[in-house]
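Heads up: the protein sequence lines correspond to chains W and Z, in order. Here our numbering = 1-based position in the first sequence + 124. Here our numbering = 1-based position in the second sequence + 12. In this text, a Cβ means the ideal position worked out from N, Cα and C, and glycines have one as well. Quick caveat, the model's predicted, so the values are computed rather than measured.
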Amino acid sequence: MHPLCQKIRSEILRVSHKSGHGHIPTSFSIVEMLCAVYAVMRHDPKNPDMPDRDIFVLSKGHASLGFYCALAAQGYFDFDEVYSFGAFDSKFGCHPDRTKVPGVEASTGSLGHGIGLAVGIALAAKIADTSRQVYTLIGDGESNEGTVWEAIMVAANLKLDNLIVLYDNNNSQSRCLPIPNPGERFAAFGCQTVEVDGHNLEAIKKALVKPADRPRVVICNTVKGYGCATLSNNVYEWHRRAPKPEELDKLLGELHAGAI
Amino acid sequence: MRAQFRNTVTELAAQDEKLVIVLGDISVYMFKDFWERYPKRFYNMGICENTLISVTAGLGSQGYHSFVHTICPFLTDRGIEQIKLDMCYNNFAGNIVTCGATFDYAWDGATHHAYTDLAVLRMLPGMEVLQLGSKREVDALIRSQYKNAHQTYYRLSDHPHAIETNLEFGKGTLLKNEGAPVTVMTAGPILANVMEACRDLPVNLVYFHTLKPIDKELIERFRDTKILVVHDAHGLYEAISEVPALQMHYHGLPDAFCGWYGTVHDIRKRIGLDPAGIRTAAQALLDRHTPAQRKLTRTGSGS
Numbered sequence: 125m126h127p128l129c130q131k132i133r134s135e136i137l138r139v140s141h142k143s144g145h146g147h148i149p150t151s152f153s154i155v156e157m158l159c160a161v162y163a164v165m166r167h168d169p170k171n172p173d174m175p176d177r178d179i180f181v182l183s184k185g186h187a188s189l190g191f192y193c194a195l196a197a198q199g200y201f202d203f204d205e206v207y208s209f210g211a212f213d214s215k216f217g218c219h220p221d222r223t224k225v226p227g228v229e230a231s232t233g234s235l236g237h238g239i240g241l242a243v244g245i246a247l248a249a250k251i252a253d254t255s256r257q258v259y260t261l262i263g264d265g266e267s268n269e270g271t272v273w274e275a276i277m278v279a280a281n282l283k284l285d286n287l288i289v290l291y292d293n294n295n296s297q298s299r300c301l302p303i304p305n306p307g308e309r310f311a312a313f314g315c316q317t318v319e320v321d322g323h324n325l326e327a328i329k330k331a332l333v334k335p336a337d338r339p340r341v342v343i344c345n346t347v348k349g350y351g352c353a354t355l356s357n358n359v360y361e362w363h364r365r366a367p368k369p370e371e372l373d374k375l376l377g378e379l380h381a382g383a384i
Numbered sequence: 013m014r015a016q017f018r019n020t021v022t023e024l025a026a027q028d029e030k031l032v033i034v035l036g037d038i039s040v041y042m043f044k045d046f047w048e049r050y051p052k053r054f055y056n057m058g059i060c061e062n063t064l065i066s067v068t069a070g071l072g073s074q075g076y077h078s079f080v081h082t083i084c085p086f087l088t089d090r091g092i093e094q095i096k097l098d099m100c101y102n103n104f105a106g107n108i109v110t111c112g113a114t115f116d117y118a119w120d121g122a123t124h125h126a127y128t129d130l131a132v133l134r135m136l137p138g139m140e141v142l143q144l145g146s147k148r149e150v151d152a153l154i155r156s157q158y159k160n161a162h163q164t165y166y167r168l169s170d171h172p173h174a175i176e177t178n179l180e181f182g183k184g185t186l187l188k189n190e191g192a193p194v195t196v197m198t199a200g201p202i203l204a205n206v207m208e209a210c211r212d213l214p215v216n217l218v219y220f221h222t223l224k225p226i227d228k229e230l231i232e233r234f235r236d237t238k239i240l241v242v243h244d245a246h247g248l249y250e251a252i253s254e255v256p257a258l259q260m261h262y263h264g265l266p267d268a269f270c271g272w273y274g275t276v277h278d279i280r281k282r283i284g285l286d287p288a289g290i291r292t293a294a295q296a297l298l299d300r301h302t303p304a305q306r307k308l309t310r311t312g313s314g315s
């Protein structure tokens, strides 16, 4: 595990423990994806509104804790600030608010919305004749929503080659409405697709910069709770739960031992 | 009204490179000239109302003055969560323009009827809600509102009135002030029927094209009268109710699907929103509340 990703995961655990909030397993599954996006996109943590910046939209807003910690790791704000997570006066809600948190481009929470917004933003970049790229991270559970597929159809029809969708394939819907072969499905909807190990930072970065003449979908095969066996082996129990003191020690131990 | 919408935005687009049209496969041929002139700013995006709204919000996030347009119930009933979250909660500006008001598509049945939009959209923080009644209102209010920082809803109809009204955003029009004990308040295209119904009745008549923000100052002037809200949708009664402690009555839609076909005029007649039905409702309220009638009622009751 890349040291930056390990640091982000340890902060996720500590913030969740301190605040009593957070979807830890889903936040863990996207850490490498977030780090890869911010490694390749044009952005300036000291100038979040930089006019020519690329844009990232976290569509699965319940992974906000992972998002905040990734933004802190980039320098948008200090990790210390995130410890107010979920508190009454905090900027850092359990779903992200773009008007409060630097680096958050869209307020999300209800699933199936961020991707449509990202399509509109990518279209705006095309109308303006800019080379800005628009990234959005969606979940496989989120992709039960019909709006995901509406938005993808529209993006493909508009040939938005500046739209890159990261699909968190963490099998969250295996007990409900699974989506087998997501790459084939997105390809059938007109996208260029590539499938990678969603915990291999370099592989994701490589996939993100691969040239395309249409919307790109990077299927990231991930593990909910990646990095802590206790989480990945008990994803339903840990779906939305903060660790108690003794559990925090155990999870940090597993994380630092590199256990999966 | 749709043709006026097309004319107005086409004219505005010549001066405003940020103006973008997003259609849900409706009014496409009507916008042919716009499409040919500004192909990069015209998108007939598909029959996908949720995404039309999300994309409009995304365009707004980048400073575009976008108009999303399709049939009223599909865009506003189906797309309500996208309007609420992607536009209003995110505070991304944009313009929603619908056709097919209330019973405009009477012959298509209740799937195509629209009456919740005004009331529901009024409840969304930051939203401006306009029920435009005439072509002049379409032109004036699109021009005044389309590139502000808000989310603005414009409801168009195929049955406009041609009555002169105040064209200022947020302002009502006092069409008749008889110093009467009953004031009829109405909004949008139904004004034509209301005017005909009330022409020689001793009632006051107030009209609105802006349902949010409602013109409270004008309403306050008639606080001491009985207010009869005549409306072919929900939303106006609730808007007027923002002024507390009024004595209000509603003459409009029944709590039932109006499952007939025919024309808008047929359905209006059946539910009493034709001139005769409106007149009957207004007359009934007048009969109960003219001073002479009150005296007779007291005598008759033996009190």
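Shorter than 8 Å from the beta carbon of residue i to some beta carbon of chain Z?
| i | result |
| --- | --- |
| Val342/W | no |
| His237/W | yes |
| Thr223/W | yes |
| Thr260/W | no |
| Ser267/W | no |
| Gly144/W | no |
| Ile384/W | Unreliable positioning characterises Ile384/W in this predicted model, as indicated by a pLDDT of 49, which lies under 50. The coordinate reading is nonetheless provided below. No, Ile384/W lies away from the interface with chain Z (no Cβ there is under 8 Å from its Cβ). |
| Ala230/W | yes |
| Leu128/W | no |
| Val139/W | no |
| Ser188/W | no |
| Arg365/W | no |
| Val278/W | yes |
For residue i versus residue j, is the C-beta spacing smaller than 8 Å?
| i | j | result |
| --- | --- | --- |
| Leu35/Z | Met13/Z | no |
| Asp98/Z | Leu235/W | no |
| Gln94/Z | Leu213/Z | no |
| Gly144/W | Pro169/W | no |
| Leu285/Z | Asn205/Z | yes |
| Ser267/W | His219/W | no |
| Tyr166/Z | Leu142/Z | yes |
| Val196/Z | Leu265/Z | no |
| His162/Z | Gly138/Z | yes |
| Val341/W | Cys315/W | yes |
| Lys44/Z | Tyr76/Z | no |
| Ile288/W | Val272/W | no |
| Thr82/Z | Thr110/Z | yes |
| Phe115/Z | Arg280/Z | yes |
Check each candidate in the options and name the one with the smallest Cα separation from residue i.
| i | options | result |
| --- | --- | --- |
| Met157/W | Thr260/W, Thr232/W, Asp178/W | Thr260/W |
| Glu371/W | Arg166/W, Ser140/W, Gly314/W | Ser140/W |
| Gly184/Z | Leu136/Z, Met139/Z, Pro193/Z, Arg233/Z | Arg233/Z |
| Ala275/W | Phe310/W, Asn295/W, Thr232/W | Phe310/W |
| Ala15/Z | Gly271/Z, Ser169/Z, Asp129/Z, Asp89/Z | Ser169/Z |
| Ala122/Z | Ala192/Z, Cys60/Z, Ala161/Z, Gly274/Z | Gly274/Z |
| Lys147/Z | Asp37/Z, Asn19/Z, Gly70/Z, Tyr117/Z | Asn19/Z |
| Ile38/Z | Gly247/Z, Leu64/Z, Ala251/Z | Leu64/Z |
| Ala211/W | Gly146/W, Leu284/W, Gly382/W, Ile303/W | Gly146/W |
| Pro51/Z | Lys250/W, Phe152/W, Gly217/W | Lys250/W |
| Lys238/Z | His261/Z, Ile226/Z, Val218/Z, Leu248/Z | His261/Z |
| Ala118/Z | Phe17/Z, Arg300/Z, Ala288/Z, Cys270/Z | Cys270/Z |
| Glu229/W | Asp213/W, Val181/W, Phe201/W, Gly244/W | Val181/W |
Across which residues does DSSP place residue i in a beta bridge pair?
| i | result |
| --- | --- |
| Ser78/Z | Val32/Z |
| Val342/W | Leu290/W, Val318/W |
| Thr164/Z | Asn107/Z, Glu140/Z |
| Gln259/Z | Lys238/Z |
| Gly263/W | Asp292/W |
Is residue i close to chain W, meaning its C-beta is less than 8 Å from at least one C-beta of that chain?
| i | result |
| --- | --- |
| Leu97/Z | yes |
| His301/Z | no |
| Gly70/Z | yes |
| Leu308/Z | With a pLDDT of only 45 at Leu308/Z, under the threshold of 50, the placement of this residue in the model should not be trusted; the figure read from the coordinates follows. Not closer than 8 Å to any Cβ of chain W, the Cβ of Leu308/Z fails to qualify, so no. |
| Ser313/Z | Annotation note: pLDDT 36 at Ser313/Z (below 50); position unreliable, no value reported. |
| Leu31/Z | no |
| Gln157/Z | no |
| Val21/Z | no |
| Tyr249/Z | no |
| Asn56/Z | no |
| Gln305/Z | No answer about Gln305/Z holds up, because its pLDDT of 46 lies below 50 and its placement is not dependable. |
| Tyr76/Z | yes |
| Gln27/Z | no |
For the 8 Å Cβ check, are there 3 or more pairs between the segment 224-235 of chain W and the segment 183-196 of chain W? The segment 224-235 of chain W is in contact with the segment 183-196 of chain W.
Can you find at least 3 beta carbon pairs, one from the segment 171-190 of chain W and one from the segment 342-355 of chain W, that sit closer than 8 Å? Using a Cβ-Cβ distance cut-off of 8 Å, the segment 171-190 of chain W and the segment 342-355 of chain W are not in contact, since fewer than three pairs of beta carbons, one from each stretch, lie closer than that value.
State whether the segment 352-369 of chain W contacts the segment 322-337 of chain W, with contact taken as three or more CB pairs (one from each stretch) at a distance under 8 Å. As far as the Cβ criterion goes, the segment 352-369 of chain W does not touch the segment 322-337 of chain W, which means the pair count is below three.
Check whether the segment 67-80 of chain Z and the segment 101-116 of chain Z touch, using three or more Cβ-Cβ pairs below 8 Å as the test. Flag = yes, the segment 67-80 of chain Z and the segment 101-116 of chain Z touch.
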